[in-house]
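Heads up, the thing below is written out as C-alpha cells.
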Amino acid sequence: MSESFAGQCQCGEVQYQVKGECLTLFTCHCQDCQRQSSSAFGMALWIRLGEMLLKTGQPKLWLRKMPSGREMECSFCPTCGTRLFHRLLGQTEIISIKPGTLNDTSSLQAVAHIWTRSAQPWLNLDKDCLQYAGNPDDFQTLIAAWENKIFPDKMKQ
97 MSESFAGQCQ CGEVQYQVKG ECLTLFTCHC QDCQRQSSSA FGMALWIRLG
147 EMLLKTGQPK LWLRKMPSGR EMECSFCPTC GTRLFHRLLG QTEIISIKPG
197 TLNDTSSLQA VAHIWTRSAQ PWLNLDKDCL QYAGNPDDFQ TLIAAWENKI
247 FPDKMKQ
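Using the numbering used here, the letters of the sequence shown map in sequence onto residues 97 to 253.
Take a look at the structure:
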C-alpha cells in the first residue's frame, strides 16, 4: 500500500514529500535520542530512501559516532536546527524520518520501544508494543509488527 505524506522543519525552510510505504515506527529511549529530541524519547519512522523527495531547502549534515562504532548521518535544518532525518552510513536503502516533523501526526502509533533500560521511570510504556532493553537483534521483527498492525488480515494467512 503506497502512502503520500509531507513534513517540514519548524521554520518551514526544509520541506519534504514521501511517496511510498512506511516500513516501521518505533520509539527509542536511549540517552542520545533523549538529548537529540530534548524530550523523554525519540521516534523513528523508517522508509525506503528513494521514496523521499526534498521539496525546499537543503539540510545540513552531522555525523554521529554510535556506541557500536558505526556512524549515523543526521540531517537538520540549517536555520532552525530541527532534526529531520537519520541514516546509518553504509545503509543505502533505509532512511529514518523524525516523525514529529510530519505535517499530520494524528495517526502515529509506534510498534516498539527500544532502549527501555534508559527510559524515564515516570513514563508508562504501552504494554501492547514490543519492548527491548537495548537494540533488538533484528529490526525485521519491528518491520513485521508494523505490517501486522497495518495489514492484520495479511499476517493471519
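Every residue, glycine too, gets a C-beta built ideally from N, C-alpha and C.
Look at residue 152 here: in three-state DSSP terms it is strand. Annotation: the continuous alpha helix (DSSP H) that includes residue 131 extends over 127-133. Fully contained in the stretch 165-189 are the following beta strand (DSSP E) runs of length 3 or more, in chain order: 167-172, 179-184. Measuring C-alpha to C-alpha distances from residue 151 to each of 105, 214, 245, 216 identifies 105 as the nearest.
Taking a C-beta distance under 8 Å as the contact criterion, residue 173 and residue 180 qualify as a contact pair. Non-local C-beta neighbours of residue 222 in its own chain, meaning closer than 8 Å and more than five positions away in sequence, comprise 206, 209, ordered along the chain. If you ignore the 5 residues before and after residue 213, its C-beta comes within less than 6 Å of the C-beta of 229, all in its own chain and listed in chain order.
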